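Let me begin by presenting the structure, written as structure tokens, before commenting on it.
2 protein chains.
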Amino acid sequence: MRLEKHHNILIVGLGLLGGSYAMALSRRGYPVSAITLEQSSVDYAMNKGLIRYGTTEVEPDLIAKADLIIFALYPHTFIEWMEQHGHLLTSGTIVTDVTGVKGSIIPRVKALLPDGVEYIAAHPMAGREVGGVENADDRIFYGANYLVVPTEDNTPDAIELCEDLGWTLGFRTVSQLSPERHDEMIGFLSQLTHCIAVSLMCAKDDPELVRYTGDSFRDLTRIARINDAMWSELFLENREVLLGEMDRFRDTFERLYATVRDGDRDQMREMMRISTARRALFDKP
Amino acid sequence: MRLEKHHNILIVGLGLLGGSYAMALSRRGYPVSAITLEQSSVDYAMNKGLIRYGTTEVEPDLIAKADLIIFALYPHTFIEWMEQHGHLLTSGTIVTDVTGVKGSIIPRVKALLPDGVEYIAAHPMAGREVGGVENADDRIFYGANYLVVPTEDNTPDAIELCEDLGWTLGFRTVSQLSPERHDEMIGFLSQLTHCIAVSLMCAKDDPELVRYTGDSFRDLTRIARINDAMWSELFLENREVLLGEMDRFRDTFERLYATVRDGDRDQMREMMRISTARRALFDKP
Numbered sequence: 004m005r006l007e008k009h010h011n012i013l014i015v016g017l018g019l020l021g022g023s024y025a026m027a028l029s030r031r032g033y034p035v036s037a038i039t040l041e042q043s044s045v046d047y048a049m050n051k052g053l054i055r056y057g058t059t060e061v062e063p064d065l066i067a068k069a070d071l072i073i074f075a076l077y078p079h080t081f082i083e084w085m086e087q088h089g090h091l092l093t094s095g096t097i098v099t100d101v102t103g104v105k106g107s108i109i110p111r112v113k114a115l116l117p118d119g120v121e122y123i124a125a126h127p128m129a130g131r132e133v134g135g136v137e138n139a140d141d142r143i144f145y146g147a148n149y150l151v152v153p154t155e156d157n158t159p160d161a162i163e164l165c166e167d168l169g170w171t172l173g174f175r176t177v178s179q180l181s182p183e184r185h186d187e188m189i190g191f192l193s194q195l196t197h198c199i200a201v202s203l204m205c206a207k208d209d210p211e212l213v214r215y216t217g218d219s220f221r222d223l224t225r226i227a228r229i230n231d232a233m234w235s236e237l238f239l240e241n242r243e244v245l246l247g248e249m250d251r252f253r254d255t256f257e258r259l260y261a262t263v264r265d266g267d268r269d270q271m272r273e274m275m276r277i278s279t280a281r282r283a284l285f286d287k288p
Numbered sequence: 004m005r006l007e008k009h010h011n012i013l014i015v016g017l018g019l020l021g022g023s024y025a026m027a028l029s030r031r032g033y034p035v036s037a038i039t040l041e042q043s044s045v046d047y048a049m050n051k052g053l054i055r056y057g058t059t060e061v062e063p064d065l066i067a068k069a070d071l072i073i074f075a076l077y078p079h080t081f082i083e084w085m086e087q088h089g090h091l092l093t094s095g096t097i098v099t100d101v102t103g104v105k106g107s108i109i110p111r112v113k114a115l116l117p118d119g120v121e122y123i124a125a126h127p128m129a130g131r132e133v134g135g136v137e138n139a140d141d142r143i144f145y146g147a148n149y150l151v152v153p154t155e156d157n158t159p160d161a162i163e164l165c166e167d168l169g170w171t172l173g174f175r176t177v178s179q180l181s182p183e184r185h186d187e188m189i190g191f192l193s194q195l196t197h198c199i200a201v202s203l204m205c206a207k208d209d210p211e212l213v214r215y216t217g218d219s220f221r222d223l224t225r226i227a228r229i230n231d232a233m234w235s236e237l238f239l240e241n242r243e244v245l246l247g248e249m250d251r252f253r254d255t256f257e258r259l260y261a262t263v264r265d266g267d268r269d270q271m272r273e274m275m276r277i278s279t280a281r282r283a284l285f286d287k288p
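Those protein sequences? They're chains A and B, same order as listed. For the first sequence, the working numbering gives the first residue as 4, with consecutive numbering after it. For the second sequence, the working numbering gives the first residue as 4, with consecutive numbering after it.
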């Protein structure tokens with residue numbers, strides 16, 4: 004099933020991501036409405052033409068007529084919303100999301116859905132250091148990766164629709180992976196990197212650092228400006244996996260530490276060469 | 004003493020940094036000549052107007068008439084050059100450099116200088132992931148920090164000249180700090196960050212990472228493309244300090260690890276808030 008121009012799309016949560024989804028989809032002519040917490044977000048999105056209709060109320064009619072509902076909420080808010088309002092979803096509706104952890108979320112959401120409502124999980128690998136619908140910008144999807152995370156319960160139709168959503172939003176790649184594989188990848192690529200940046204930033208309190216710094220420190224700590232409410236939630240929802248990835252990094256760091264301590268220049272250079280070769284694959288085309 | 008338009012400037016080593024120095028200084032009307040290893044680098048720099056004269060020979064006359072000699076070499080090459088040719092330097096000449104470590108280098112260079120030649124150490128905190136004079140670009144100095152590293156042997160004249168060189172090259176800040184303080188700062192800001200990026204890149208061998216990655220991993224590992232010959236040398240020249248900074252990072256990483264393991268969300272969020280507040284100071288104006 005492809006995304007069609009007559010499909011009613013409802014976005015729940017007009018933050019940075021929800022707003023950027025709304026921008027991309029409205030730009031391409033899809034009818035987008037939204038439910039969100041603050042009237043100011045609705046007003047902004049209406050003024051900027053991001054949505055056709057918005058409300059701070061959970062309106063049963065709006066939910067019933069939606070073909071695709073995109074939840075752009077924090078994990079716990081997503082679950083709470085489903086607990087309170089999940090019964091309003093009607094058969095035939097497809098639900099997707101933007102949640103950064105999957106293994107612990109998917110079964111809980113599924114258990115709260117009425118019969119005939121299908122949840123196909125997704126994770127857009129895009130964001131900014133600033134939040135809120137006022138910072139919405141669909142250019143964050145250009146060159147970025149979109150992950151579709153099906154389980155064996157999902158239908159080919161829903162998977163295809165979710166993939167089509169990723170392409171429609173403008174992502175550079177759309178991939179399918181299992182919840183377990185997703186959480187491993189995100190534990191390494193996203194959560195571990197944030198752990199490293201936060202640790203580095205907390206490691207030294209020296210007001211003169213900024214006068215002496217080069218770009219390497221700036222780049223490495225860009226993500227050290229972190230939404231503590233959201234990320235602490237993501238870390239704890241993926242705790243065992245994240246601890247494993249932190250162990251993995253620590254082991255390699257210790258190997259490099261040993262080469263410095265022992266003056267083992269050959270082994271040090273070998274690690275640097277492996278690093279250089281692998282990193283070359285990551286430059287954006 | 005200020006840098007004057009009649010000062011003869013000699014650059015030894017036309018690589019990325021030497022070439023970028025030449026570009027900035029020639030653009031501003033200073034007479035720049037160069038000694039470097041490869042004739043092709045001389046030809047390129049002459050063709051592009053980066054230098055007025057260049058040679059692959061260590062010409063005594065060229066050295067004798069230089070008012071300021073800038074060594075843009077690897078640490079061990081700098082030392083070796085001084086061992087072989089240092090006697091050619093003439094009284095009244097001021098020597099500076101771009102070397103990324105200071106404590107272990109300064110006394111060795113000083114011991115090789117003839118009477119009346121003054122070495123004032125400096126470290127431009129700028130670079131690129133690509134080397135060679137063909138990649139020279141004086142825009143790498145814009146917004147960057149220039150560090151002057153005097154000892155008690157240096158005269159106010161030489162310190163002022165070196166500071167003036169930093170401003171003339173176009174750096175955003177010029178700071179003075181001691182060799183010990185320099186090596187500590189660089190150990191933390193530059194060497195530790197490269198250790199982290201290399202360790203992260205070596206930690207997981209998975210060809211699919213690139214399909215799933217977000218920008219945070221890309222940013223964190225930009226410097227994982229690393230010149231292993233140069234950086235292994237810098238690490239080992241600053242070994243004790245670097246090990247101390249690696250210890251410091253590891254301790255903080257372990258603190259964060261404990262918050263994840265123990266589900267201590269309050270402490271985790273506190274670290275994230277400290278990180279966010281400190282990082283805010285580092286955004287370029």
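Just so you know, even glycine gets a beta-carbon here, dropped at the ideal spot from N, CA and C. Since we're looking at a predicted model, the values are computed, not measured.
Per-residue contacts from residue i into chain A (C-beta, under 7 Å)
| i | result |
| --- | --- |
| B/Ser178 | Arg214, Tyr215 |
| B/Ser235 | Arg268, Met271, Arg272, Met275 |
| B/Arg225 | Asp222 |
| B/Ser202 | Phe252, Thr255, Phe256, Leu259 |
Proximal residues of chain B, C-beta to C-beta of residue i below 8 Å
| i | result |
| --- | --- |
| A/Arg228 | Ser278, Thr279, Arg282, Ala283 |
| A/Gly266 | Leu239, Arg242 |
| A/Asp46 | Correct list: empty, because the minimum Cβ distance to chain B is about 28 Å. |
Contacts that residue i makes with chain A (C-beta to C-beta distance below 8 Å)
| i | result |
| --- | --- |
| B/Ile50 | Looking at the sequence shown, residue 50 of chain B is not Ile but Asn. Within chain A, no residue comes near B/Asn50; the closest Cβ sits about 29 Å away, beyond 8 Å. |
| B/Leu245 | Val263 |
Identified DSSP bridge partners for residue i
| i | result |
| --- | --- |
| B/Thr149 | It should be noted that the sequence gives Tyr, not Thr, for residue 149 of chain B. For B/Tyr149, which the question treats as bridged, DSSP gives the partners B/Pro127, B/Val177. |
| B/Ser100 | Reading the sequence as shown, one finds Asp at residue 100 of chain B and not Ser. Partner(s): B/Phe74. |
| B/Leu13 | B/Ser36, B/Ile72 |
| B/Tyr122 | B/Val98 |
| B/Tyr56 | B/Ser36 |
Presumed contact (8 Å Cβ cut-off) between residue i and residue j, rounded CB distance
| i | j | result |
| --- | --- | --- |
| A/Gln194 | A/Asn241 | 6 Å |
| A/Thr255 | B/Cys205 | 5 Å |
| A/Ile199 | B/Leu203 | 7 Å |
| A/Leu92 | A/Trp84 | That belief does not hold up - the Cβ atoms of A/Leu92 and A/Trp84 are roughly 11 Å apart, past 8 Å. |
| B/Arg282 | A/Lys207 | Going by Cβ atoms, the distance from B/Arg282 to A/Lys207 rounds to 12 Å, so no, they are not a contact pair. |
| A/Arg214 | B/Thr176 | 6 Å |
| A/Gly89 | A/Leu53 | No, A/Gly89 and A/Leu53 are not in contact; Cβ-Cβ is about 25 Å, not under 8 Å. |
| A/Ile12 | A/Tyr33 | 5 Å |
| B/Leu17 | B/Ala25 | 7 Å |
| B/Thr216 | A/Leu192 | 5 Å |
| A/Met249 | B/Tyr145 | About 37 Å; that fails the 8 Å criterion. |
Partner residues on chain B for residue i, Cβ-Cβ distance less than 7 Å
| i | result |
| --- | --- |
| A/Ala206 | Arg251, Phe252, Thr255 |
| A/Ser219 | Ser193, Thr196, His197, Ile226 |
| A/Asp100 | Per Cβ cutoff of 7 Å: no residues; A/Asp100 is ~17 Å from chain B at best. |
| A/Val104 | Those do not exist, as A/Val104 stays about 13 Å from chain B at its closest Cβ, beyond 7 Å. |
Amino acids of chain B, ordered along the chain, whose beta-carbon sits closer than 9 Å to that of residue i
| i | result |
| --- | --- |
| A/His9 | Those within 9 Å of A/His9 in chain B number zero; the least Cβ separation is about 32 Å. |
| A/Val112 | Simply none; closest approach about 22 Å. |
Contact list for residue i against chain A, beta-carbon separation under 9 Å
| i | result |
| --- | --- |
| B/Asp186 | What B/Asp186 touches in chain A: nothing, since even the nearest Cβ is about 11 Å away. |
| B/Asp118 | What B/Asp118 touches in chain A: nothing, since even the nearest Cβ is about 33 Å away. |
Contact with chain E by residue i, beta-carbon distance below 8 Å
| i | result |
| --- | --- |
| A/Val263 | The question asks about chain E, but that chain is absent: this structure's protein chains are A and B. |
Interface positions of the stretch 153-173 of chain A facing chain B (Cβ-Cβ less than 7 Å), listed along the chain
Within the stretch 153-173 of chain A, no residue has a Cβ that lies closer than 7 Å to any Cβ of chain B.
Relative to chain B, which residues along the stretch 60-94 of chain A have a C-beta separation below 8 Å, given in chain order?
If the cut-off is 8 Å between Cβ atoms, the stretch 60-94 of chain A has nothing near chain B.
The stretch 126-152 of chain B: which residues have C-beta closer than 8 Å to a C-beta of chain A, in chain order?
Of all residues in the stretch 126-152 of chain B, the ones placed with a Cβ closer than 8 Å to any Cβ belonging to chain A are Met128, Ala129, Gly130, Ala147, Asn148, Leu150, in chain order.
Cβ contact check for the stretch 102-109 of chain B and the stretch 271-283 of chain A: 3 or more pairs under 8 Å:
No, the stretch 102-109 of chain B does not touch the stretch 271-283 of chain A.
With 8 Å as the C-beta to C-beta threshold (strictly closer), list the residues of the stretch 10-40 of chain B near chain A in chain order.
Listed by position, the residues of the stretch 10-40 of chain B near chain A (Cβ gap below 8 Å) amount to none.
Segment contact, 8 Å Cβ cut-off, at least three pairs: the stretch 43-59 of chain B with the stretch 122-140 of chain B
Using a Cβ-Cβ distance cut-off of 8 Å, the stretch 43-59 of chain B and the stretch 122-140 of chain B are in contact, since at least three pairs of beta carbons, one from each stretch, lie closer than that value.
With contact counted as at least three CB pairs below 8 Å, one residue from each stretch, are the stretch 78-98 of chain B and the stretch 115-122 of chain B in contact?
A contact exists between the stretch 78-98 of chain B and the stretch 115-122 of chain B.
Do the stretch 164-179 of chain A and the stretch 216-232 of chain A make contact, defined as three or more Cβ pairs closer than 8 Å?
At 8 Å Cβ cutoff, the stretches do not touch.
Is the stretch 67-79 of chain A touching the stretch 144-154 of chain A in the sense that three or more CB pairs, one from each, lie closer than 8 Å?
Result no; under three Cβ-Cβ pairs closer than 8 Å.
Indicate whether the contact test is met: 3 or more Cβ pairs, each with one atom in the stretch 172-185 of chain A and one in the stretch 51-66 of chain A, closer than 8 Å.
These segments do not touch.
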